[in-house]
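> In order, the protein sequence lines correspond to chains A and B.
Residue numbers for the first sequence follow the numbering used here, so the first one is 26 and each next one is one higher.
Residue numbers for the second sequence follow the numbering used here, so the first one is 1269 and each next one is one higher.
Pasting in a structure now, in structure tokens, and then I'll have a few things to ask.
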Amino acid sequence: MITLVDYGLGNIQAFANIYNRLNIPVTVARDAQTLANASRMILPGVGHFDWAMKRLADSGMRQTLDDLVVRQKKPVLGICVGMQMMAKRSDEGELPGLGWIDAEVKKFDVTGSNRHTQLPHMGWNDVSATEFGDIFGGMEGGSRFYFLHSYYFAPNRGEEVVGKTDYNGTFASAVRAGNVFGVQFHPEKSHRWGIQLLKNFAEL
Amino acid sequence: MLRPRIIPCLLVQNDGLVKTQRFGDPKYVGDPLNAARIFNEKEVDELTVLDIDATAQKREPNYTMIRNLAGECRMPLCYGGGVSTADQIEKIVTLGVEKVAISAAAVRNPGLIAEGARRVGDQSIVVVLDVKKSGLMRRYEVFTHNGTQKTGLNPVEFAKRAQDLGAGEIVINAIDNDGMMKGYDLNLIRDVRAAVTVPLTALGGAGSYDDLAALIREFGIIGASAGSLFVFKGKYRAVLISYPNAAEKAALLNDPAQ
């Protein structure tokens, strides 16, 4: 069972549609009571860092989510800003992050880059999975994912990077620290490659 | 490697999809949700849906349609039409839309670009400029309300201003080329590209995959958007949704890895 954490941001319906098509049970949590039963969670996200942190706090689910992830070690996958929220802080905002991973979120530096490096990083790009990137299994024929962001996730422990992407230098497009997974791209908007990744997360 | 984006642009009028020529003569081409499903199967890079009635009729965006579309799309969705406040931008993002396009409201009140970017992040704010040659000197000018209202604004200067205020993408829609299927206005795109560093998307005029290829050849990382090319077949404009398959796309991107 996948629980979608619906704090009002991100495309809950797109995730639900994909899991329904895969015949993988999915439920949506909009309050702490429902969330408390979760065994495997997706934390979606679109938008500004502080806005997302504030909406999560306002949803009343933050404490329960922290307990599930930090104490009970339930698997969680953060998407885009949902991934960035797992860091300690972000250049984009003032509010502290969830701090589940020893990382900060930085703005891309594109000064001195060529005209093909524009901000935001918008469009389809490649991800090279590391040997610990089980979440990218079943994509041996190649893959691509949709990115839409100006800030990137910078973990302090290199071994937590499980996917790398090149954009005026390499950045961590996928991370894993134990039960905590994060991807910078939007798997729910990345056709069959995203569907495969969401399936992998459900079955890991 | 980041790839150029090839983006079908669908126009909505009276809850149905239409295609125009030079912003007039709308022809019914189908149902928005059904089209989104077909574009899912074709694995399109992104989809843009513009409600061309909303601003002209001074009404709110159709949130039910937006929610249904966003849930259906397995590719990123950009919605535009009738968006005039930051609250509306926020609401549309919460419905699951990745990017919100503003046009007339951004021209009337450029502060909306900054306020929208502050709330939802600059990556989700798209400014669409409808541009037409105007006056005795045939200079490029920004128009609004389906090309009926002059603004006196130079598109290059306004695109730069929109970027500085926080727009994450600029879409240049060439009204004179709309539906003509004779190629993009490359001069106009060249002028705007030289002035801004955010992602740029060209719309208006693509009539063949060669037109997309010509745009991508010159500008590299760019959005190549089109309406007629992806909904019509043949000179009688028979409705048939199409999109380059993997091999055609690799050829036009000149990318063996596609």
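Glycine included, C-beta positions come from ideal geometry on N, C-alpha and C.
Fair warning: this is a prediction, and the values are worked out from it, not measured in the lab.
Starting from the Cα of SER84 of chain A, find the closest Cα among A:TYR176, A:ILE27, A:PRO50, A:THR59 and give me that residue.
When each option's Cα is compared against that of SER84 of chain A, the closest is A:THR59.
> Please go through the same chain and pick out, in chain order, the residues whose beta-carbon is closer than 7 Å to the beta-carbon of ARG96 of chain A, but skip the five residues on each side of it.
Around ARG96 of chain A: no qualifying Cβ.
> So, for GLY33 of chain A: in the same chain, excluding its five sequence neighbours on each side, which residues have a beta-carbon less than 6 Å away from its beta-carbon?
Cβ within range, chain order: ARG80.
> Between the Cα of HIS73 of chain A and those of A:PRO212, A:GLU185, A:THR89, A:GLU119, spot the shortest distance and give me the residue it belongs to.
If we check each option's Cα against that of HIS73 of chain A, A:GLU119 comes out closest.
> Against GLY33 of chain A, what residues of chain B qualify as contacts under a CB-to-CB distance less than 8 Å, listed in chain order?
Within 8 Å Cβ-Cβ: THR1362.
> Measure from the C-beta of ILE27 of chain A to each C-beta in chain B and report whether the shortest distance is under 8 Å.
No, its Cβ sits nowhere closer than 8 Å to a Cβ of chain B.
> Which residues, taken in chain order from the segment 48 to 73 of chain A, show a beta carbon closer than 8 Å to some beta carbon of chain B?
Cβ contacts with chain B come from VAL71, GLY72, HIS73.
> In the segment 138 to 205 of chain A, which residue ranges form an unbroken beta strand (DSSP E) of at least 3 residues, counting only runs that do not cross its ends?
Whole beta strand (DSSP E) segments, 3+ residues: 146 to 150, 170 to 174, 176 to 180, 186 to 191, 195 to 202.
> With DSSP collapsed to three states, give me the class of GLU1409 of chain B.
GLU1409 of chain B falls in the strand class under three-state DSSP.
> Taking 8 Å as the CB-CB cut-off, is TYR44 of chain A touching chain B?
Judged by the 8 Å Cβ criterion, TYR44 of chain A is not in contact with chain B.
> State the Cα-Cα distance for the pair ASP1432 of chain B and PRO145 of chain A, rounded to the nearest angstrom.
Near 13 Å, if we compare the C-alpha coordinates of PRO145 of chain A and ASP1432 of chain B.
> Establish whether the CB of LEU223 of chain A and some CB of chain B are separated by less than 8 Å.
Closer than 8 Å: no.
> What span of residues does the beta strand (DSSP E) with ARG1273 of chain B cover, start to end?
Segment 1273 to 1281, the beta strand (DSSP E) holding ARG1273 of chain B.
> ASP1321 of chain B: which of B:ASP1446, B:VAL1395, B:GLY1284 sits nearest, CA to CA?
Minimum Cα distance to ASP1321 of chain B is reached at B:GLY1284.
> So what's SER1392 of chain B in DSSP terms, helix, strand or just coil?
DSSP places SER1392 of chain B in helix when its eight states are reduced to three.
> Please classify PRO121 of chain A: is it buried, with 16 or more other beta-carbons within 10 angstroms of its beta-carbon, or exposed?
Label assigned to PRO121 of chain A: exposed.
> Take LYS132 of chain A as the anchor and find which of A:LEU222, A:ASP116, A:PHE210, A:ASN42 has the nearest alpha-carbon.
Cα-wise, what sits closest to LYS132 of chain A is A:ASP116.
> Quick check: LYS189 of chain A and SER138 of chain A, are their CB atoms within less than 8 Å of each other?
Cβ distance not < 8 Å, so LYS189 of chain A and SER138 of chain A don't count as in contact.
> Does the beta carbon of GLY1349 of chain B sit closer than 8 Å to a beta carbon anywhere in chain A?
No, because no Cβ of chain A sits closer than 8 Å to the Cβ of GLY1349 of chain B.
> Check whether the segment 1386 to 1393 of chain B and the segment 1443 to 1460 of chain B touch, using three or more Cβ-Cβ pairs below 8 Å as the test.
Short answer: they don't touch.
> Between which two residues does the alpha helix (DSSP H) harbouring GLN221 of chain A extend?
Segment 216 to 228, the alpha helix (DSSP H) holding GLN221 of chain A.
> With a floor of 4 residues, list each alpha helix (DSSP H) that falls wholly inside the segment 1338 to 1370 of chain B, ordered by position along the chain.
Whole alpha helix (DSSP H) segments, 4+ residues: 1354 to 1362.
> For the alpha helix (DSSP H) that contains VAL95 of chain A, what are its first and last residues?
VAL95 of chain A -> no alpha helix (DSSP H), and no H or E assigned at all.
> Rounded to whole angstroms, what is the Cα-Cα separation between LEU90 of chain A and PHE161 of chain A?
Going from the Cα of LEU90 of chain A to the Cα of PHE161 of chain A covers about 25 Å.
> Does LYS214 of chain A have its Cβ less than 8 Å from a Cβ in chain B?
Closer than 8 Å to some Cβ of chain B, the Cβ of LYS214 of chain A qualifies, so yes.
> Work out the CA separation of GLY167 of chain A and GLN1526 of chain B for me, nearest whole Å.
Since pLDDT at GLN1526 of chain B reaches only 45, below the 50 mark, its modelled position is unreliable, and the value read off the structure follows with that caveat. The alpha-carbon atoms of GLN1526 of chain B and GLY167 of chain A are separated by roughly 9 Å.
> Taking 7 Å as the cut-off, does the CB of LYS1400 of chain B come closer than this to any heavy atom belonging to the ligand PLP?
Because no ligand of any kind appears in the structure shown, any question about the ligand PLP cannot be addressed here.
> Are the beta-carbon atoms of VAL1395 of chain B and ILE1334 of chain B separated by less than 8 Å?
Going by C-beta atoms, VAL1395 of chain B is not nearer than 8 Å to ILE1334 of chain B.
> Nearest-angstrom Cα distance between LEU123 of chain A and ASN204 of chain A?
Between LEU123 of chain A and ASN204 of chain A, the C-alpha separation is close to 14 Å.
> Kindly indicate which residue of A:ASP151, A:TRP76, A:LYS99, A:THR28 has the alpha-carbon position closest to the one of PHE196 of chain A.
Measuring from the Cα of PHE196 of chain A, the nearest candidate turns out to be A:ASP151.
> Please list the terminal residues of the continuous alpha helix (DSSP H) segment that includes PRO1300 of chain B.
1300 to 1309 is the extent of the alpha helix (DSSP H) around PRO1300 of chain B.
> Is there contact here, the segment 101 to 109 of chain A with the segment 205 to 216 of chain A, by at least three beta-carbon pairs under 8 Å?
Short answer: they touch.
> Can you name the residues of chain A whose CB is closer than 7 Å to the CB of SER1392 of chain B?
Simply VAL71, GLY72.
> Looking at LEU1301 of chain B: is its Cβ nearer than 8 Å to the Cβ of GLU1340 of chain B?
Yes, they are a contact pair.
> Taking a cut of 9 Å between CB atoms, which residues from the segment 145 to 161 of chain A lie near chain B?
So the list reads PRO145, HIS146, MET147, GLY148, TRP149, ASN150, ASP151, given in the order they occur along the chain.
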